[in-house]
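Each residue of the sequence shown is one higher than the one before, starting from 800 at the first, in my numbering. C-beta atoms are modelled at their ideal positions from N, C-alpha and C, and glycine is treated no differently. The structure under discussion appears below in the form of structure tokens.
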Amino acid sequence: KIGVLVERAQSHAQTVLEGAESTWLMLPQLGASLPFPRVLSSMHDDAHNTKQQVLVLVGASCEGLYGLAQAAGPSASYELAGVVTTDRTLRPSIRGVPCEFMEAESLAATLGERYPASSGTLFVALASFDRRKLPQDFLTPRRGKVVAVHHSLLPAFPMEDPVTEALRKRVFVTGVTAFVVVPNVALQDSPILAQEVCQVAPGESRDTLYDRIRKECENACVAAAVHSLSSGKLTLVAERGGPNMVVEQRARSASILSRIRQGG
């Protein structure tokens, strides 16, 4: 270990960080940033450094799951608490991450008991998971804590089979959107966290385009969305006068570094 964070006594001089404004990555625990997160992650405050717990919900396909798992390294701002599938034949295998099957009829009730809203768990429903299995009474107390995936560049093609519709409309690009599920808000109006673009090839079939979207876009899109939320890069605030939520981006690190130099 390089060290741990401790409270600075008033008699000790302040630490001043200088010289790497354009290349640093953010370290939320410091309110500043550091150049080599894997090496310097040992400087995190072990007593207060709690990662965002993420539970992944999958259906018949695991696309998106492995991108999340790969990005959940030592310096990540989240960790996978588990994987729940509604398909008996699917058993994703990720070292150290429990996976279990749940019946669709009892899914919401079981999840609600194990992961109460007070736990702060972030639920990630992949595109293969049927979001209708999460009723309003589950979503409402977890407002802002349920992320889902749709195979289009929302707000375009918010229907159940967006890939077929994209081909029917003869668009040149489509893709994947990771968004926040908000009760009583239509899919096309949902807060968008991340998107990945996929070009439509001439003469492409529905099956080939669907397969490329899943393999080329979903992993990166889901990982980017979860990282943005768990690291604080993106935050969610209630829409003024409405049921929706608004995505806000964190201020650039330059202003934070300026406050550190000034001893603020």
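Integer-rounded CB distance, given that residue j should sit under 8 Å from residue i
i      : j       : result
Val896 : Val883  : That pair is no contact at about 11 Å.
Val980 : Ala947  : 5 Å
Val962 : Ile1012 : 7 Å
Val999 : Val972  : 6 Å
Asp886 : Ala859  : 5 Å
Leu966 : Leu1008 : 7 Å
Ala977 : Ala1024 : 3 Å
Contact set for residue i: own chain, Cβ-Cβ below 7 Å, skip 5 residues either direction
i       : result
Ser821  : Residue confidence is low: Ser821 scores 40 on pLDDT, short of 50, so the model does not pin down where it sits. Its coordinate-derived value is still stated next. Cβ neighbours of Ser821 beyond the five flanking positions: none.
Ala1022 : Gly866, Leu867 and Ala870
Phe956  : Glu964 and Ala965
Gly1063 : Note that Gly1063 has pLDDT 45, beneath the 50 cutoff, so the model's placement of it is unreliable and the number below is only indicative. Within the same chain, Gly1063 has no close Cβ partners at all.
Met901  : Val883, Thr885 and Thr909
Boundaries (first-last residue) of the alpha helix (DSSP H) holding residue i
i       : result
His1026 : Asn1018 to Ser1030
Phe922  : Premise fails: Phe922 lies in the beta strand (DSSP E), Leu921 to Ala924, not in any alpha helix (DSSP H).
Gly974  : From DSSP, Gly974 is part of no alpha helix (DSSP H) but of the beta strand (DSSP E) over Val972 to Val979.
Leu953  : No alpha helix (DSSP H) holds Leu953; DSSP gives it neither H nor E.
Gln987  : Element bounds for Gln987: n/a, residue is neither H nor E.
Phe937  : Gln935 to Leu938
Gly866  : Leu864 to Ala870
Ala907  : Leu906 to Arg913
Chain-order list of residues whose beta-carbon lies under 8 Å from that of residue i (same chain, five-residue window excluded)
i       : result
Arg942  : Val981, Pro982 and Met1044
Pro1042 : Val981, Pro982, Asn983 and Val984
Ala916  : Pro940, Arg941 and Lys944
Gln899  : Note that residue 899 is Glu in the sequence shown here, rather than Gln. Excluding residues within five positions, the ones whose Cβ falls inside 8 Å are Gly881, Val882, Val883 and Thr884.
Leu1033 : Leu992, Ser1027, Val1046, Glu1047, Gln1048 and Arg1049
Met958  : Glu964
Ser918  : Gln852
Pro1001 : none
Closest Cα partner of residue i within the set the options
i       : options                             : result
Cys861  : Val853, Leu921, Met901 and Phe928   : Phe928
Ala985  : Ala1023, Ser876, Arg931 and Cys1020 : Arg931
Glu904  : Leu933, Leu1008, Ala859 and Thr939  : Leu933
Glu1015 : Leu1028, Leu856 and Gln994          : Gln994
Tyr877  : Phe900, Lys968 and Val923           : Val923
Leu1035 : Glu1047, Ala1024 and Ser1027        : Glu1047
Arg1005 : Val857, Leu925, His950 and Ala859   : His950
Arg1049 : Tyr914, Ser1029 and Glu1038         : Ser1029
Lys968  : Gln935, Glu1003, Leu938 and Asp936  : Glu1003
Asp936  : Pro891, Glu912, His1026 and Asp1010 : Glu912
Asn1018 : Val996, Pro957 and Arg1039          : Val996
Leu938  : Phe956, Tyr914 and Asp960           : Tyr914
Pro891  : Glu902, Leu864, Phe956 and Gly1040  : Leu864
Close Cβ partners of residue i (< 6 Å) along its chain, the five nearest in sequence each way excluded
i       : result
Pro954  : Gln987
Leu921  : Gln851, Val853 and Lys944
Leu856  : Val883, Ala924 and Phe928
Ala846  : Only weak support is given to the placement of Ala846: the predicted model assigns it a pLDDT of 41, under 50, and the value that follows is read from those uncertain coordinates. Once the five neighbours on either side are set aside, Ala846 has no close Cβ partner at all.
Cys1020 : Val975, Ala977, Ala993 and Glu995
Endpoints, beta strand (DSSP E) assigned at residue i
i       : result
Ile1012 : Segment Arg1005 to Ile1012 is the alpha helix (DSSP H) holding Ile1012; no beta strand (DSSP E) there.
Glu899  : Cys898 to Phe900
Gly1040 : Element bounds for Gly1040: n/a, residue is neither H nor E.
Check whether the region 899–912 touches the region 984–996, taking contact to mean three or more Cβ pairs, one atom from each stretch, closer than 8 Å.
With the cut-off at 8 Å, the region 899–912 and the region 984–996 do not touch.
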